[in-house]
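J.: In my numbering, the protein residues as written are 1 to 450. The structure is given below, and queries will be raised subsequently.
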Ligand SMILES: Cc1ncc(COP(=O)(O)O)c(C=O)c1O
């Protein structure tokens, strides 16, 4: 019987087990449905960390839907998936190439595995990057040039990126395969890609060996619901990967979250789910058309998919536009810079919500708020190429002191500087502090004792 059916049945048993709240909310009655399903690994309810019954069945069904060798359910986000994949693939001192616009969890994976990283800078030079202030695609030919000179165990990249940029994973996976490099794609933001022909094919369909999806980002899942996918093309035994998941995963995974993952996948693959995605795409397409006529510009669909609404208005400073939308219209974006505002949509973004954003944007434009005007020409500043002096694992094992920021230039940082959002590091332990980093540091900078 599926886990969802099990949880929906009234349990004819008297539990003297954890959690000892007896499935009743002792406080916060708003959460009583959540409590109803909050069991531990009681008889017949299977175990996420060693699945043999209902959860194994649900994961098996997911593997069929995603066309993978194995799809694991994760109740601690893509972060756990990334750590488990890295631990599966990378041993101590193994060389790995990582695209620098990665999420900080990949840095954690570097510390934990002791792998030796080289950083790869995605495009920062094209018109796309200059106009929108974001990092662009990964060029497969640039990778090929690097692979000709260095042997790596794996390449780790993000697609779609936090801002929605999709790279050509098929071309990248072909280059990786040619040079015997495993391809790991952080597809946390692409959790809808498997479910509509409108989207790019999934990383796994395009030849990646491993990927992760955060269902909670845009696919309708509760926070922390995520998936780890293993391609049919890999030789890895899924039990080995399960062991590494278990290394990082809580031993008390949440049953409501496991059920949420199962229901989320069922929904996305149902006709209702398909219609929800179709309606979302169609509504955003109409939204864009109207706003383009009003003078708003959108990041071109050849780089991204419509669900990441990245926009700008000619003559406006988008940081100020973002503030006005928040202060005067109560609309909060995912992230904004001088060059763009990003509004994330997904399952749950109704036409009414889009209409509210559309009306606010048109109103701001028509009222010609002076405070949004850009009074100086700005060019985006990207983080400099990292001067890596100590590998992450090594930097983490060193002693450190605090020095005044003004004295810290070219010293090795012991701090992780990771603005959130987007959770992408600008400076990691073991890297030399460069002039561009100073604005991110507090008065005292942590530096490694040499
Ligand atoms: C690109 C990217 N990868 C991975 C993660 C981590 O995902 P999760 O929050 O599901 O652990 C995030 C979260 O912000 C992300 O933006």
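Positions of the beta carbon are idealized from the N, C-alpha and C atoms, including for glycine.
With the cut-off set at 8 Å, would you say residue 3 and residue 55 are in Cβ contact?
T.: Yes. Within cutoff.
J.: Quick one, are the C-beta atoms of residue 446 and residue 407 less than 8 Å apart?
T.: Taking 8 Å as the Cβ cut-off, residue 446 and residue 407 do not qualify as a contacting pair.
J.: So, for residue 296: in the same chain, excluding its five sequence neighbours on each side, which residues have a beta-carbon less than 6 Å away from its beta-carbon?
T.: Excluding residues within five positions, the ones whose Cβ falls inside 6 Å are 311 and 313.
J.: Counting only the same chain and skipping the five closest in sequence on each side, list residues whose C-beta sits under 8 Å from that of residue 303.
T.: Here the set comprises 128, 136, 137, 164, 165 and 166.
J.: Quick one: what's got a C-beta closer than 7 Å to residue 318's C-beta in the same chain, skipping five residues either side?
T.: Result list for residue 318: 312, 336, 337, 338, 339, 340 and 341, in chain order.
J.: To which residues of the same chain is residue 288 closer than 6 Å at the C-beta, ignoring the five residues directly before and after it?
T.: Answer for residue 288: 298, listed in chain order.
J.: Taking DSSP's pairing of strands, which residues face residue 103 in a bridge?
T.: According to DSSP, residue 103 bridges with 424.
J.: Under the assumption that residue 343 contacts residue 333 (Cβ atoms under 8 Å), give the Cβ distance between them as a whole number of angstroms.
T.: At roughly 5 Å, the Cβ-Cβ gap stays under 8 Å, so residue 343 and residue 333 are in contact.
J.: Between residue 228 and chain D, is there a C-beta pair that is closer than 8 Å?
T.: The displayed structure is made up of one protein chain only, and chain D is not part of it.
J.: Kindly give me the distance between the Cβ atoms of residue 175 and residue 147, rounded to whole angstroms, as I take these residues to be in contact under 8 Å.
T.: About 7 Å; that satisfies the 8 Å criterion.
J.: Going by DSSP, which residues form a beta bridge with residue 109?
T.: Bridge partners of residue 109: none, in fact.
J.: Rounded to the nearest angstrom, what separates residue 222 and residue 74 at their Cα positions?
T.: Each residue's Cα considered, the two are about 12 Å apart.
J.: Quick one: Cα of residue 259 to Cα of residue 399, how far?
T.: Going by the C-alpha atoms only, they are around 44 Å apart.
J.: For residue 133, verify whether its CB is less than 7 Å away from any heavy atom of ligand 1.
T.: Every heavy atom of ligand 1 is 7 Å or more from the Cβ of residue 133, so no.
J.: Can you check DSSP and say which residues form a bridge with residue 342?
T.: Residue 342 is bridged to 310 and 335.
J.: Please report the residue range of the alpha helix (DSSP H) in which residue 266 lies.
T.: Start and end: 255-268.
J.: According to DSSP, simplified to helix, strand and coil, what is residue 187?
T.: It is coil, neither helix nor strand.
J.: Let me know if residue 237 comes out buried or exposed under the rule of 16 or more other beta-carbons within 10 Å of its beta-carbon.
T.: Exposed: under 16 other Cβ atoms inside 10 Å.
J.: Could you please give me the residues that DSSP links to residue 404 through a beta bridge?
T.: Note: residue 404 sits in a beta bridge opposite 444.
J.: Would DSSP call residue 229 helix, strand or coil?
T.: Strand at residue 229.
J.: Which residue or residues does DSSP assign as beta-bridge partners of residue 182?
T.: Residue 182 is bridged to 154.
J.: Exposed or buried, what is residue 72 when buried is set at 16 or more other beta-carbons lying within 10 Å of its beta-carbon?
T.: That one is buried.
J.: Figure out for me which residue from 264, 226, 395 and 365 has the closest Cα to the Cα of residue 293.
T.: With distances taken between Cα atoms, residue 293 lies closest to 365.
J.: State yes or no: is the C-beta of residue 345 within less than 8 Å of the C-beta of residue 280?
T.: Yes; because the gap between Cβ atoms is below 8 Å, this pair is in contact.
J.: I want to check one thing, is the minimum distance from the CB of residue 208 to the heavy atoms of ligand 1 below 7 Å?
T.: No; taking the cut-off as 7 Å, the Cβ of residue 208 has no heavy atom of ligand 1 nearer than that.
J.: Beta-carbon separation of residue 232 and residue 191 under 8 Å?
T.: Their beta carbons are not under 8 Å apart, which means residue 232 does not touch residue 191 by this criterion.
J.: Under 8 Å between the Cβ atoms of residue 430 and residue 348?
T.: Not a contact, by the Cβ cut-off of 8 Å.
J.: What residue from 394, 438, 381 and 396 has the CA that sits closest to residue 130's CA?
T.: That would be 381, whose Cα lies nearest to the Cα of residue 130.
J.: Does any heavy atom of ligand 1 sit closer than 7 Å to the C-beta of residue 419?
T.: Every heavy atom of ligand 1 is 7 Å or more from the Cβ of residue 419, so no.
J.: Helix or strand or just coil, what does DSSP make of residue 82?
T.: Reduced to three states, the DSSP call for residue 82 is helix.
J.: Out of 435, 388 and 421, which has the shortest C-alpha to C-alpha gap to residue 448?
T.: If we check each option's Cα against that of residue 448, 388 comes out closest.
J.: Could you say which of 252, 77, 1 and 112 lies nearest to residue 19 if we only look at CA atoms?
T.: Comparing Cα positions, the closest option is 252.
J.: Should residue 423 be listed as close to ligand 1, given that the test is whether its C-beta is under 7 Å from any heavy atom?
T.: Flag set: Cβ of residue 423 near ligand 1.
J.: Between the beta-carbon of residue 184 and the beta-carbon of residue 112, is there less than 8 Å?
T.: No, the pair does not count as a contact, with Cβ atoms beyond the cut-off.
J.: Using 8 Å as the threshold, is the C-beta distance between residue 105 and residue 83 below it?
T.: Their beta carbons are under 8 Å apart, which means residue 105 touches residue 83 by this criterion.
J.: For the alpha helix (DSSP H) containing residue 319, name the first residue and the last one.
T.: Here the alpha helix (DSSP H) through residue 319 covers 318-329.
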